[in-house]
Structures are given as structure tokens and as C-alpha cells.
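Each residue of the sequence shown is one higher than the last, beginning at 9 in this note's numbering. The C-beta atom is built at its ideal place from N, Cα and C for all residues, glycine as well.
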Amino acid sequence: MQRFTLLHDGSAQGWHATYLAFHVAARLGAPLQVLHTGSENETGTLDERAAHVETGARAAGVVIETRLLADFAMDTLNRAVTSIDGLFLPLRLMPDRETVSRFLEAFSCPLWVVSGETQPNDMAVLVNEPLKDVHLISYAKMLSHRLAQSLIAFVLDEHFDLTLQPELSGLKWKSLPDFSASRIERALEQLQVGLLFLPASNVPVTEGLTGNRVICPDMRDA
């Protein structure tokens, strides 16, 4: 059984991350640890927010464990979080590649970074090399199946011929001339994709993305 953790700071993005975490945890039958801290942008108290989250979790059929933390500093999180399969958090807590690296190093699990509405019409996975990224592709395919969403893979033009290999059959592919943030953003908008899976190695060139994403550790040796 998978186990997830959610960081909720009281912001609008924090609530969007909460709704997505409920949806994923319910579909996978996974328990969810919810860690709260305060936010300058929220109204009400931490206790009120925690009560609303617990009510939502019951409605979604998700078993949760709630904790209130003084902050989301890495030392604090390391003491609170152990052995998880995914971490949900608002984009505002993931401002740059250095922060991404610290989170990946600390928790060694996919980071579900949420910026806005969380009901995707489609999902996509960013594939650097189709024959080497089979673990990433399998992970995205498993989740798209469990979440009842279709999946399309983005691949560079130079690697598109590799997608015809038998082991990569059964997946829709779209080739792009490069993986710049602007190019990916346009493809996501055209295809109405609401959630993008990408390897950590692509974070530097995709920092400009504004949509929801799942940043995965290097899964080639998984």
C-alpha cells in the first residue's frame, strides 16, 4: 500500500493540493498524512482548517493523520515525515531548482507540485529517452490508469522513431523539437493537459512552467 504526505500552508494552492491529494489517495486506497502550518494569506485558524480537511477526507473516503507544525523547514519535515511514496505541496513552497533538489534528496519520492485547479482532462509524461525511461513511463501509465485519465508522452523529435519499439506500444506520443518551458506549456495548453510527469533531470529547463506537475526522482535504476 502506498502512503502519501500533504503540506498545507493555508494558501489557495494549499487547498488545490489538498483536493488532488484526496483524489489520488482515494483512487489508490492510500492513507494520507496532512501536515499544517500557518500562512499570512489565510483566514481562520489552524484548528478550523484542520477540521475542514478532516471533513473533506471523510467525504472522500480517505484515512488521514493530521499534525500541526511550527514551519516547513527541512529539519522540521525530516522529523515529521518517514517512508512515503509521494509528497503533495503547493507550488509556492517549491520556488526554485535548489528547493526541488533538497526535497528529492530528503524524501526520495515523487513531488506532486500543485499550482491550481486539480481535475485534469488529460495527463502527460516528459520522456528524455524512451528506451531508458521505461520506469518513469510505467509509473505514469499506472497512475493514469488508476486515476482514470488518458496519458500522452512528450518526446524529442530526434527520439521519436524509438517510440515505435514493441515495449513502448499502447501509449500516445507527441514529438517536440525541444523541451523548453515555453514549448511544453504550449503543448499542454493545446492538449488540455492538467498534470505533467517529468524526471528531476528536466527541472532546470522547465522552471518556467506554471501548471501542476509530478517531479520524479531518477527512476532508471528503480
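Shown here for D79: same chain residues with a beta carbon closer than 7 Å to its own, the five before and five after excluded, namely T45 in chain order. Here DSSP, grouped into helix, strand and coil, assigns Q200 to coil.
S190 counts as exposed, since fewer than 16 other C-beta atoms from the protein chains shown sit within 10 angstroms of its C-beta. Put simply, the backbone Cα of V71 is about 10 Å away from that of V42. In this chain, H31 is not harboured by any beta strand (DSSP E); it is covered by the alpha helix (DSSP H) spanning 20–36. Rounded to whole angstroms, the separation of the alpha carbons of L77 and L15 is 10 Å. By the criterion of at least three beta-carbon pairs nearer than 8 Å, the segment 169–183 is not in contact with the segment 99–109. DSSP places K180 in the strand class (E or B) of the three-state scheme.
When beta bridges are read from the DSSP output, G94 appears opposite F12. Counting along the chain, the unbroken beta strand (DSSP E) around A161 starts and ends at 159–164. If you look at T74, you'll find it in the beta strand (DSSP E) that goes 72–76. When C-beta atoms of the segment 171–187 are compared with those of the segment 131–145, three or more pairs fall below 8 Å, so the two segments count as touching. Between K180 and A161, the gap from beta carbon to beta carbon is short of 8 Å. Taking a 10 Å sphere around the C-beta of A29, we find 16 or more other C-beta atoms and assign the residue as buried. Leaving aside the five residues that flank P212 on each side, the residues in its chain whose CB is nearer than 6 Å to its CB run, in chain order, R105. Taking every protein chain shown into account, the CB of N86 has fewer than 16 other CB atoms within 10 angstroms, so this residue is exposed.
A direct Cα-Cα distance of roughly 7 Å separates F187 from L164. Taken atom to atom, the span from the alpha-carbon of T214 to that of S19 is near 23 Å. Measuring C-alpha to C-alpha distances from S183 to each of L134, P225, T218 identifies L134 as the nearest. In this chain, the alpha helix (DSSP H) harbouring V142 covers 142–154.
At a cut-off of 3 residues, the continuous stretches assigned as beta strand (DSSP E) that sit fully inside the segment 111–140 are 119–122, 131–135.
Pairing I192 with L159 gives a Cβ-Cβ distance that is not under 8 Å.
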